Amino acid sequence: MQDETVNSKPCSWLWVIIFGRSPRRTAIRVVVLIVAAVITFKYVIRPVRVSGPSMSPTYRENSIKFVNRLAYSRDEPQRGDVVAIRFTGESIMLMKRVVALPGERVEFINGKLHVNHRVQDEPYVKRPCYWNFVPEHPVLGPDEYYVVGDNRSMREEDHTKGVARRSKIVGKIL
Amino acid sequence: MKMARRILLVATLIALGVWLWLYFFPNPEKAVRKRIAEIAETASFTGNEGNFKATAQAWQFASLFATNVEIHVNVPEQVFSQNPDHNEIMNAALGARRRLVSLKVEMLDPNILLSRDKKFAFVDVTARATVPGDNFFLVQELKITLRKIGGKWFIQRVETIKTLSRA
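Protein chains in written order, with this note's numbering: chain A, 874 to 1047; chain B, 621 to 787.
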């Protein structure tokens, strides 16, 4: 009887470590944890990996960031927010900064962003910019936001920027 | 026991019938989805394929297009509309193989809309092209129109879509 107790001790420890004192409770906890993780990462915050240089130096390439999908459930995107914009789905998204809001007029003059003919202070733009252009549709519609990356040292033609409809904005980058 | 066997036999026959029906008459949306995956697969290539395989793959890629296909490209510094024939598409695919060591094409998040008569499918899809081992990648939203000809889906029109635009 004593032998049995001595022999079963390492096994029972292992059992407790893996399954806990009450395996049934542990199973329930695991299921709850999995469900909570799936819901959180699918509907609340979504991890994304940064690819491409358009948001540098604010966000480095290959860094992992999170998109808060609930950020705009009550409020609308604000100037300066970094947002995720979907393509046809959410497998790949664009990461851009909102620089102009619905109804505003946008243009770039001598590398400076002008909104409604006023120069904007953009502390997140660290590199020199020489862009000079007026977008095809400079005045934004009622559900349109003008988005652009922070790396304005790139050639204007190589930098993806433009009008994002509200429905395409998935959430705010945390 | 006999009854149970009969029920099992009937159930098996029904399952086989459903499987055969779906095999020969697949759901159009599923067939389009499969075709889109096929486009990505045949557009991709690795560096270690021989000349014969490369030509066969390029021809297979070209054969996915209808004979009167329309291609409209509008990306920075490249705006063109073309109606290439199968030989031109094949030559373009072979040209890409000569210029790049390898290429991986993925068609992500396809949104499929079928016409009422189920003869046309309009697909909005995000195409991603990467050169394995290189930092180069290209992401482009596409609108692809497929047409059902002789029970098979062929690419009738390809158009690039500007994600950040009013259109």
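Positions of the beta carbon are idealized from the N, C-alpha and C atoms, including for glycine. Owing to the predicted nature of the structure, the values given are computational and were not obtained by experimental measurement.
Among the residues of chain B, those whose CB is under 7 Å from the CB of Ala1037 (chain A) are Leu784, following chain order. In this chain, Pro975 (chain A) is not harboured by any alpha helix (DSSP H), its DSSP state being neither H nor E. Near chain A, meaning a CB-to-CB distance below 8 Å, the residues of the region 741-759 of chain B are Asp744, Val745, Thr746, Arg748, Phe757 and Val759. Residue contact check for Leu728 (chain B) against chain A: a CB pair falls below 8 Å.
The beta-carbon of Glu761 (chain B) is placed less than 8 Å from the nearest beta-carbon of chain A. Leu1047 (chain A) and Glu934 (chain A) have their C-alpha atoms roughly 16 Å apart.
In the three-state reduction of the DSSP assignment, Pro1015 (chain A) falls in the coil class.
At least 8 Å separates the beta-carbon of Val1020 (chain A) from that of Lys999 (chain A).
Per DSSP, the unbroken beta strand (DSSP E) holding Trp773 (chain B) starts and ends at Lys772 to Ile781. Under the Cβ criterion of 8 Å, Ile1046 (chain A) is not counted among the residues facing chain B. Not one beta carbon of chain B lies nearer than 8 Å to the beta carbon of Ser927 (chain A). With respect to Val693 (chain B), Gln776 (chain B) sits apart: the two C-beta atoms are not nearer than 8 Å. Excluding the 5 residues flanking it on each side, Thr783 (chain B) has same chain C-beta neighbours closer than 8 Å at Glu761, in chain order. The beta carbons of Arg717 (chain B) and Ala676 (chain B) sit no closer together than 8 Å. Membership of Val908 (chain A) in the alpha helix (DSSP H) is indicated by the continuous run Pro896 to Ile912.
Listed along the chain, the chain B residues whose CB falls inside 7 Å of the CB of Ile965 (chain A) are Leu728, Thr746, Arg748 and Val759. Residue-level contact check: Asn731 (chain B) touches chain A, since one or more beta carbons of chain A fall below 8 Å from its beta carbon. From the beta-carbon of Thr913 (chain A), no residue of chain B is found nearer than 9 Å; the closest lies around 21 Å away. Between Val979 (chain A) and Gln951 (chain A), the gap from beta carbon to beta carbon reaches 8 Å or more. No Cβ-Cβ contact shorter than 8 Å links Asp1031 (chain A) with Tyr997 (chain A). DSSP, reduced to helix, strand and coil, places Val745 (chain B) within a strand of the structure shown. Distance check between Ala741 (chain B) and each of B:Val630, B:Ile781, B:Thr765 and B:Ile691 places B:Thr765 closest, using alpha-carbon atoms only.
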